[in-house]
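So for the sequence shown, our numbering puts the first residue at 10; every next one is plus one.
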Amino acid sequence: MFAKGVTPSETQYDGSNLRILILHTRWNLPVVKALVDGAQRTLISEFNVKAEKIILKDVAGSYELPFAAQEYIKHSIPKFDAVICIGVLIKGSTMHFEYIAEATAHGIMRVGMETGTPCVFGVLTCLNDEQALERAGLGESPAKHNHGIDWARCAVELGVKKRQGWSS
């Protein structure tokens, strides 16, 4: 048996000089807000990212995340060291969920690759409301965990590595 989830890095990252964009959706906002709060708290408390260097922006839905991330990266001065794209998709009775989830995942990856700015995929793709609540650290499940924490850790690690020019 193994512990599920990401193994924390052995490297201690200092995020005090990083500028990070948290771009989030307004769909399923109570769950999204918990994820944003988890990411923001982690950036500040674990990595010393200055609150004024954490920029919060929102868009309507997950499908809009890649385009908005690309435009914020392109037009922001000073530049962002990393972007965390946060949204929550919950499967309904049609194929819409699959189309949006796939397009959003590929779009966020493409933006990171094309801009050279790390874009963390922070979009929950859940089959029901309970899964969304559990993955945002809400609800009654003993397995609940706020994934915003993990996304913040990932953003800092990638942001620091980017600043170091990806050298060892």
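Each residue gets a CB set at the ideal place from its N, CA and C atoms; glycine is no exception.
Judged by DSSP in its simplified three-state form, Ile95 adopts strand. Taking the Cα positions, Met122 is about 16 Å away from Glu166.
In terms of Cβ geometry, Ala164 and Ile109 do not form a close pair [threshold 8 Å]. Boundaries of the beta strand (DSSP E) around Asp67: 63–68. Taking 4 residues as the minimum length, the alpha helix (DSSP H) runs contained wholly in the stretch 146–173 are 156–172, in order along the chain. In summary, His105 is exposed, with fewer than 16 beta-carbon neighbours lying within 10 Å of its beta-carbon over all protein chains present.
Contact annotation: Asn155 and Gly24 have beta-carbon atoms that are not nearer than 8 Å. Nearest to Val97 by alpha-carbon distance, out of Val132, Val68, Val120, is Val132.
Shown here, Val132 sits in a strand according to DSSP, grouped into three states. DSSP places Thr34 inside the beta strand (DSSP E), whose first and last residues are 29–34.
Just so you know, the alpha carbons of Gly101 and Lys66 end up roughly 26 Å apart. By the Cβ rule, the stretch 72–87 does not count as touching the stretch 42–57, because fewer than three pairs are nearer than 8 Å.
Thr134 is not a Cβ neighbour of Tyr72, given a cutoff of 8 Å. Secondary structure note for Val45: its alpha helix (DSSP H) is the uninterrupted segment 38–56. Burial check for Asn37: the Cβ neighbour count within 10 Å reaches 16 or more, so the residue is buried. The DSSP-derived three-state label of Lys83 is helix.
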